[in-house]
Each structure stands twice: as C-alpha cells, then as structure tokens.
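Following: one structure in structure tokens, then a few remarks.
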C-alpha cells in the first residue's frame, strides 16, 4: 500500500527543487559567458578561471558546516538565509564593474549555494514517509539534471538577447519566489536532540582543511603541481584532516558526523558516489571538447547536442525513485553506473576525428542519459535511505562534499591525461580520458554491488527492527 503524502508537501518539494535548479544552472551557465565577460571586463584568462574556481572551492569548503548548521539551527532558516545570500551575490555579479568584484561576488554566491544544497532536501524529506522518499529525491534530482542540460543553452540565449549580466540577474526573481513559497509551505525542522555548541576547534580546522584540499586540486593544473603553494596547501591539509577526524571521534558536536558511516547504506553509497563523481563531470567536459574543439561545433550547437542525455535522465529520475522505494537501490544503481561506463566505451571504440554525431555520439549520449537517470538521484536517496531524519542535512552535506572534492579531482586527472597525449594525435587525449572515466565507473559499480545492502529501507527496518538493523 502506497502511503499518502499531503499536497502541501509536494508543493514544498517543488519550491526546494526550484532552488536546486537555480544553483545548478548558475554553475553550468557561467562557462558560456566567458568570452563576453572577458571582453566586457578586460579580464585575463587566469582571472576568468577564478570565476569558476572561487565558486567550487567555497562550496566544497562550507558544505559540511552548512549541513551542521541546518540540522542544529533549523533547515528552513538556513535554506532561506542561503537564498538571500545567493540573491545578493547574484546582484553584485550582475553589476560588477571589474573582474575582481565579480570573483568576490561569486564567492558570496557560493556561500549561499552551500547553505541551499544540504537544506533543500532536508527541509522536505521529513514530510515524506520512508516508502516515498526515493521518489521525492528523484524529483529533486530531475531538476538538477534539467539544470545541467539547459544551463549552457539558457546562458547562450540570455547572452545573445540581453547580455552576460542577465545570467545573474535572472536568479533574483527565482530566489524571491522560492523564498515566498518556502515561508508558506515549509515547516521548520531541526535535530531536537543536539545540545551544546559546535566544536570550536574542529569546525574551523575542518573547513580550512577542505578549502586547502580544493585549492590544491583546482589550482594545481594552472599553477603546476610542483608549485610551492600547491605543495604547502596539500601538506597542511594532510596534517589537518587526521586531526579533524580525531576531533570528530571525540567531540560531542563535531563538524563531521562519523556515526553516519556506521550505516552500511550511507558508507557504501557515499564511497561509490565518490568514484562515480571522478568520472561524471570529466566525462561531460570531454564530450564538450570533442564536439567543439575536434568536431567544430559552436557553443550553442554543442549545448543543444549535449541535451538529449540530461533530458532523458531528468525524465527517468522520478519513476526510478519510485522503483527504488519498491525494490531497493542496489541493482538500479549498479545498472545505471554500468550504462554510464558503456556510453564512454562506445565513444572509445567508435569516435574518430571526423564528426559522427548521429552515428556515434547521440547513441552514446542516450545510453549515458539512461545510466544517469538510473544513478544520479538514486545515489542520494541510497545514501539517505537509513539515516534518521534529525541528521538529513549533515548526511546530504557529507555526500555532496565527497562529490565536490571528487568532481574537482577527476577534472584535474582528466585534463592531465588529455594534455599528456602526443601533439600529432588529436584523438589520443580523448581516448586516455575516456579510459579513466570508464575505470571510475567500473570501480563505482563494483563497490555498490558488493557493499550496498539488499532490499528497501522499509524492509530492512521491518525485518530487523529499528535503526540497529541498518548499521553494520
């Protein structure tokens, strides 16, 4: 029997997913605007890179803290604060008179985004019974897939029609509408059992360690991995991270909630998702380069050419979520990850130097879309499936932190592999990158197949009784 869900809960989920859509679009839309921004603000290539790097580093650094604050202070409060900060950052991005102001405004945007993403699910999941949560997460994931699919196209249309500043101005009415909807539809929720203050030593230490890791990964390609700054940042992070874990084991209110990893579903899904993330964004990057740099498509043509896969993924996310609620996550995830790897295996086998969109790229892109539809939102629902409601925000933040770090690491590895190919072999760099992506997907599939528990979350609780059933 399907448990009923209030209409208000679905509307609240719609508001939360709209905010997630806005944040995802803002990430993918900026790349299209680089030529216009460079011309308008007379920006150097190094400065342009910080428009993306500053955002990625800030989000990756503050997700854990944002998740902790949401569970402690109130998910709706932190979500609305994130909307306000994101809107302010968007406004200053739009009016930026020089590139340094734009970079600073992007950091403000990222702070808002780091508050929005962990709480956007946590504010609504308590409204859904265990048997319907994967479907809700599927809807949330579908909007993210749509944002990734249409971000470049929306950006190209806005830039051609109104100018690059409107890719930021468009966030203001969206944020205002979501803020108003949240105030009416979403009830406040928090972890009522938490007492005492956060670890005043471990929280800044952990946030700094994550920031240093992100800077070392993101800037390593530009500065060089043998650069003294990169070596110093990585060395300090290597020292700090074990101390953060030690503090998290001993402090009652740490930055990182290590008890989450006692849930087999959370630890297996998070580990597998990290491996998956090592290939996910790098794969899309290589596809974009293939279409534009090797096959000669324009930015708009490439954006449109990439959309079939994400559209399929978004269409599948909700029904796949319902299937996960009924049958469990393990085999859906395994199938999805294998299909993702297969799509790049087809490119590795058949893609050549001459354009072959309909014969090669489109079939691979469709297979990738099916695989992503089976996996991307399902990873989140799998990780959250046995986590108790008081820790929804920090659980989501932990998974997304791993995702962000692995996204950045995967891109760094793929760029290094791509650049290592001989200059006389234009396809060699792509082939080396595709082998890496296929390998990460294969490792992800093995982990989820071997380590993730069988059955649904409801069945695991019902058969073995209570939370202890889903722990190791």
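Numbering (the numbering used here), first residue to last: 9 to 480. By construction, the Cβ of each residue, glycine as well, lies at the ideal position given by its N, Cα and C atoms.
### Message
By the DSSP assignment, the alpha helix (DSSP H) with residue 381 in it spans what residues?
### Response
In the chain shown, residue 381 corresponds to position 373, counting from 1. Looking at the DSSP string, the run of the alpha helix (DSSP H) that includes residue 381 is 370-392.
### Query
If you run the structure through DSSP and keep just helix, strand and coil, what is residue 233?
Numbered from 1 along the chain shown, position 225 holds the residue referred to as residue 233. Coil at residue 233, not helix or strand.
### Message
Tell me the residue span of the alpha helix (DSSP H) that contains residue 301.
### Response
Counting from 1 along the chain shown, the entry for residue 301 is found at position 293. That residue, residue 301, is in no alpha helix (DSSP H); it is neither H nor E in DSSP.
#### Entry: Rounded separation between residue 381 and residue 290 - CA only
Numbered from its first residue, the chain shown carries residue 381 at position 373. Numbered from its first residue, the chain shown carries residue 290 at position 282. If I take the Cα positions, the gap works out to 18 angstroms.
### Task
Name the two residues that bound the continuous alpha helix (DSSP H) containing residue 450.
The residue given as residue 450 occupies position 442 in the chain shown. Element bounds for residue 450: 436-459.
### Task
Identify the continuous alpha helix (DSSP H) that holds residue 260 and give its terminal residues.
For this step, residue 260 is matched to residue 252 along the chain shown. Element bounds for residue 260: n/a, residue is neither H nor E.
### Task
Indicate the three-state DSSP secondary structure (helix, strand or coil) for residue 82 in the structure shown.
Position 74 of the chain shown holds residue 82. Coil at residue 82, not helix or strand.
### Task
Following the continuous alpha helix (DSSP H) through residue 126, name the residue where it begins and the one where it ends.
Position 118 of the chain shown, counted from the first residue, corresponds to residue 126. Taken as a continuous stretch (DSSP letters only), the alpha helix (DSSP H) holding residue 126 covers 107-130.
### Query
Considering only C-alpha positions, which residue in the set 342, 386, 377, 309 is nearest to residue 326?
Numbered from its first residue, the chain shown carries residue 326 at position 318. Ranking the options by Cα distance to residue 326, first place goes to 386.
### Message
Let's see if you can read the secondary structure: which residues bound the alpha helix (DSSP H) around residue 318?
### Response
Walking along the chain shown from the start, residue 318 turns up at place 310. Taken as a continuous stretch (DSSP letters only), the alpha helix (DSSP H) holding residue 318 covers 316-335.
### Query
Whose C-beta lies closer than 8 angstroms to the C-beta of residue 378 among residues of the same chain, with five residues either side of it excluded?
Along the chain shown, read from residue 1 onward, the residue named residue 378 stands at position 370. Same-chain partners within the cutoff: 320, 321, 324, 344, 347.
### Query
Between which two residues does the alpha helix (DSSP H) containing residue 181 stretch?
For the purposes of this step, residue 181 is identified with residue 173 of the chain shown, where counting begins at 1. Element bounds for residue 181: 179-193.
#### Entry: Close beta carbons around residue 317, own chain, < 6 angstroms, minus the five adjacent residues each side
In the chain shown, counting from the first residue as 1, residue 317 sits at position 309. Only 373, 376, 377 meet the Cβ criterion.
### Task
Kindly list the residues whose CB is nearer than 6 angstroms to the CB of residue 206, restricted to its own chain and excluding five residues on each side of it in sequence; keep chain order.
Along the chain shown, one-based indexing puts residue 206 at 198. For residue 206, where only same-chain residues beyond five positions count, the Cβ hits under 6 angstroms are 261.
### Message
If you reduce the DSSP assignment to three classes, tell me which class residue 473 lands in.
### Response
The residue labelled residue 473 in the question sits at position 465 within the chain shown. For residue 473, the pLDDT reaches just 44, beneath the cut-off of 50, and the residue's location in the model is therefore unreliable, although a value from the coordinates is still provided. Three-state DSSP puts residue 473 in coil, outside helix and strand.
### Query
Just to confirm, are residue 268 and residue 274 a CB contact at a threshold of 8 angstroms?
The sequence position of residue 268 within the chain shown is 260, counting from 1. The sequence position of residue 274 within the chain shown is 266, counting from 1. Cβ atoms of residue 268 and residue 274: closer than 8 angstroms.
### Task
Report yes if the C-beta distance between residue 294 and residue 415 is below 8 angstroms; otherwise report no.
Within the chain shown, numbered from 1, the residue matching residue 294 stands at position 286. Within the chain shown, numbered from 1, the residue matching residue 415 stands at position 407. No, they are not a contact pair.
### Inter-residue Cα distance where the pair is residue 300 and residue 308
As a working note, residue 300 is residue 292 in the chain shown. As a working note, residue 308 is residue 300 in the chain shown. For residue 300 and residue 308, the distance between alpha carbons rounds to 10 angstroms.
### Query
Mind checking whether residue 78 and residue 142 have CB atoms under 8 angstroms apart?
Here residue 78 refers to the residue found at position 70 of the chain shown. Here residue 142 refers to the residue found at position 134 of the chain shown. Their beta carbons are not under 8 angstroms apart, which means residue 78 does not touch residue 142 by this criterion.
#### Entry: Coarse secondary structure for residue 358, derived from DSSP in three states
In the chain shown, residue 358 corresponds to position 350, counting from 1. Three-state result, residue 358: helix.
#### Entry: Rounded separation between residue 89 and residue 70 - CA only
Position 81 of the chain shown, counted from the first residue, corresponds to residue 89. Position 62 of the chain shown, counted from the first residue, corresponds to residue 70. Those two C-alpha atoms are separated by around 14 angstroms.
### Task
For residue 421, collect the residues of the same chain with a Cβ closer than 8 angstroms to its Cβ; drop the 5 residues on either side in sequence, then sort them by chain order.
For the purposes of this step, residue 421 is taken as residue 413 along the chain shown, with counting starting at 1. Within the same chain, residue 421 has close Cβ partners 286, 290, 444.
### Query
Considering only C-alpha positions, which residue in the set 458, 403, 311 is nearest to residue 342?
Taking the first residue of the chain shown as position 1, residue 342 is located at position 334. Taking only the C-alpha atoms, the option nearest residue 342 is 458.
#### Entry: Extent of the continuous alpha helix (DSSP H) to which residue 363 belongs
Taking the chain shown and counting its residues from 1, the one referred to as residue 363 is at position 355. Unbroken run through residue 363: none, as it is neither H nor E.
#### Entry: Under 8 angstroms between C-beta atoms of residue 91 and residue 264
Residue mapping note: residue 91 aligns to position 83 of the chain shown, counting from 1. Residue mapping note: residue 264 aligns to position 256 of the chain shown, counting from 1. Against a cut-off of 8 angstroms, the Cβ pair of residue 264 and residue 91 comes out as no contact.
### Task
Taking residue 208 as the reference, give the member of 364, 432, 28, 256 with the closest Cα.
Along the chain shown, read from residue 1 onward, the residue named residue 208 stands at position 200. Considering only alpha carbons, the answer is 256.
#### Entry: Cβ neighbour criterion (16 or more within 10 Å) applied to residue 196
Locating residue 196 in the chain shown gives position 188, where the first residue counts as 1. Flag for residue 196 reads exposed.
### Query
What is the DSSP secondary structure of residue 155, counted as helix, strand or coil?
Within the chain shown, residue 155 is the residue found at index 147, counting from 1. Three-state DSSP puts residue 155 in a helix.
### Query
Between residue 453 and the rest of its own chain, which residues show a CB-CB distance below 6 angstroms, the 5 nearest in sequence each way excluded?
Counting from 1 along the chain shown, the entry for residue 453 is found at position 445. Hits under 6 angstroms: 342, 345, 346.
### Query
Which residues in the same chain have their Cβ closer than 8 angstroms to the Cβ of residue 111, if we skip the five residues on either side of it in sequence?
Looking up residue 111 in the chain shown gives position 103. 55, 58, 59, 62, listed in sequence order.
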